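Asker: Could you have a look at this structure, given as C-alpha cells, before my questions?
Chains as they are written, first to last, in my numbering: chain A, 69 to 278; chain B, 69 to 278.
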C-alpha cells in the first residue's frame, strides 16, 4: 500500500506525525513524505523541519493520500498547481484523508462538495465556502474521504482506519504499541468544553494567522 | 526558556513531536532540535526524517531537556559521549524529561538512580538495570525528572508540565488549540487492557529489536 503524506512550509507537525505512526505500521505500507521539492518543510512555529523525501512532481499515484494542516494551508487554498496535484492524486487513491485545516485543501480542490467534512474547530465554518458540509465530529467519513478535526485527532482517525480496513486486532496492536491510553489533564479539548474566554483567544489567533 | 529536544537515528517521531506541539507554544519558548550533527535524523521505520538544526557539540545548556525514545535508544545506552552530553546538559536544566525509551538514556546516564521512572510498558522492567524504580504510570515525576510512558504519552506529559509551571488556563488553551479531546477506538492502550496475545506480540517485537 502506497501512502503519500504531503508536507509544506507552515505545517503543524503533529497533524502528519500522529497518523504516520499508525499508517507506517500497516501491513506492506510504504509511506512517502512528499513536498514541493526534496528537502525540509518547516513547521508553523519554525522550530522543526520535516524532510520531504520526494518531490510532488515525482509522485503520480498513491493508495492513500494524507493532507495535514497548519497555518500554511491558507496560502495553498489558491495554489492551482498544488490543488491540481491533489486532484490527480485523488483519482488514484482508495482513501483520501486530511487532518486539521488539511481538509481546506481537499475542499478547495473541489473534492468535498456536498460532503460532510471536518477540520480544526476554529476553522470549521470555512468549509462551507467550498460547498462542503461543516460537521462537528472528531473523524468524519464520506465515501472515500476521511477528514479529522484539529491536530491531535489524526491519531484517532488513523486507528479507526486501521480497524475498518485491517480489522480490530491489528488496530488494537497498533494502539497498544504506541501506548495510546490518553489521559489529558483537562476535559477541555473540544469546542464547547473549554471556558469561552479560552475559545475566544484561539479564534482570535486563527483569524489573525489563518 | 530554552528547550532542547534530542534527535537520533531510530527515533520514534511522535515521542518528540507530541510534546513539541505543546512546549513550543509556551511563553518565550525557544525550541531547538539537537542531533549528532546538523541534518536529518531518520525514524525507526525509516519513512520519515526530522531535521536536527543544531549539533550536540554546539548546545551546552537548556532550561528543559527532552529525550525521546525509539528503537535507536538501545544502541545509545552505552554511548559515553552521548551520555556525557546528557549529564552535562542535565546540570543546567530545571526540568529533564523523556518519552518512551528515552528514559533508558536518562537511566543509563545515571540520572534516575533510586528514582521512580517510567518508559514504554514493554521495556519497563529494564529501568531496574540502571537502579531506577520502574513505575507503571503514564507520567512519573521525581524531583526535576519527568518521564512518560510509550510514544503518545508525551502529549499528556507536556500538557501537565504546562499546567504545573504556567497554570491551568494556559494549559487548557494549549489543549484546546491542538484539539486534544482523544477518542481512541479501543480501550486497549495500556498494558493489562489488551488481549494477552496482542501484548505478547509486542513484547516479542521489542525483544527482537530493542
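Even for Gly, the Cβ is constructed at its ideal location relative to N, Cα and C. In this text the structure is predicted, and so the values were computed from the model without any measurement.
What residues in the stretch 177 to 209 of chain A bring their beta carbon closer than 7 angstroms to a beta carbon of chain B?
Answerer: Under the 7 angstroms Cβ criterion, the stretch 177 to 209 of chain A contributes 188, 189, 206.
Asker: What in chain A is Cβ-close to residue 248 of chain B, meaning under 7 angstroms?
Answerer: Position 180 of the second chain, counted from the start, is the residue given in the question as residue 248 of chain B. Residues of chain A passing the Cβ test: 220, 252, 257.
Asker: To be precise: take each residue of the stretch 100 to 119 of chain A, compare its Cβ to all Cβ atoms of chain B, and keep it if any distance is under 7 angstroms. Which residues remain?
Answerer: Against chain B - using a Cβ distance shorter than 7 angstroms - the residues of the stretch 100 to 119 of chain A are 101, 108, 113, 115, 116, 117, 118, 119.
Asker: Would you list, in chain order, the members of the stretch 227 to 243 of chain A that have their beta-carbon closer than 8 angstroms to a beta-carbon of chain B?
Answerer: Going along the stretch 227 to 243 of chain A in chain order, one finds 227, 228, 231, 236, 237, 239, 240, 241, 243 with a Cβ nearer than 8 angstroms to chain B.
Asker: With 8 angstroms as the C-beta to C-beta threshold (strictly closer), list the residues of the stretch 71 to 89 of chain A near chain B in chain order.
Answerer: Cβ contacts with chain B: 80, 81, 82, 85, 86, 88, 89.
Asker: Can you tell me whether residue 230 of chain B is buried or exposed, with buried defined as 16 or more other CB within 10 angstroms of its CB?
Answerer: The count along the second chain starts at 1 and reaches residue 230 of chain B at position 162. Classification of residue 230 of chain B: buried, given that the 10 Å Cβ count is 16 or more.
Asker: Could you confirm whether any beta carbon from chain A is found closer than 7 angstroms to the beta carbon of residue 275 of chain B?
Answerer: For this step, residue 275 of chain B is matched to residue 207 along the second chain. Output row for residue 275 of chain B: interface = no.
Asker: What three-state label does DSSP hand residue 105 of chain B in the structure shown?
Answerer: Position 37 of the second chain, counted from the first residue, corresponds to residue 105 of chain B. Coil at residue 105 of chain B, not helix or strand.
Asker: Residues in its own chain within less than 7 angstroms of residue 80 of chain A by CB, not counting five upstream and five downstream?
Answerer: Counting from 1 along the first chain, the entry for residue 80 of chain A is found at position 12. The answer, listed in chain order, is 111, 112, 136, 137, 138, 168, 219.
Asker: Can you name the residues of chain A whose CB is closer than 9 angstroms to the CB of residue 138 of chain B?
Answerer: Here the question's residue 138 of chain B lines up with position 70 in the second chain. Ordered by position in chain A, no residue passes the 9 angstroms Cβ test against residue 138 of chain B, which lies about 11 angstroms from the chain.
Asker: Any C-beta of chain A sitting closer than 7 angstroms to the C-beta of residue 262 of chain B?
Answerer: The residue you call residue 262 of chain B lines up with position 194 of the second chain. Closer than 7 angstroms: yes.
Asker: Is residue 165 of chain A helix, strand or coil when you go by DSSP?
Answerer: As a working mapping, residue 165 of chain A is identified with position 97 in the first chain. Of the three classes helix, strand and coil, the one that applies to residue 165 of chain A here is strand, per DSSP.
Asker: Counting only the same chain and skipping the five closest in sequence on each side, list residues whose C-beta sits under 8 angstroms from that of residue 95 of chain A.
Answerer: As a position in the first chain, residue 95 of chain A is number 27, starting the count at 1. Cβ within range, chain order: 69, 234, 238.
Asker: Taking the alpha-carbon positions, what's the residue 254 of chain A to residue 222 of chain B distance?
Answerer: On the first chain, residue 254 of chain A is found 186 positions in, with the first residue counted as 1. On the second chain, residue 222 of chain B is found 154 positions in, with the first residue counted as 1. The straight-line gap from Cα to Cα measures roughly 15 angstroms.
Asker: According to DSSP, residue 120 of chain A sits in a beta bridge with which residue or residues?
Answerer: What you label residue 120 of chain A is simply residue 52 of the first chain in a count that begins at 1. Paired residues: A:107.
Asker: Is the shortest distance between the beta-carbon of residue 266 of chain A and the beta-carbons of chain B less than 7 angstroms?
Answerer: The sequence position of residue 266 of chain A within the first chain is 198, counting from 1. True, the Cβ-Cβ gap to chain B drops below 7 angstroms.
Asker: What are the partner residues of residue 216 of chain B, as DSSP defines its beta bridges?
Answerer: Position 148 of the second chain, counting from 1, holds the residue named residue 216 of chain B. In the DSSP output, where bridge partners are listed per residue, residue 216 of chain B has B:167, B:207.
Asker: I need the boundaries of the beta strand (DSSP E) containing residue 71 of chain B, first residue and last residue.
Answerer: What you label residue 71 of chain B is simply residue 3 of the second chain in a count that begins at 1. Here the beta strand (DSSP E) through residue 71 of chain B covers 70 to 74.
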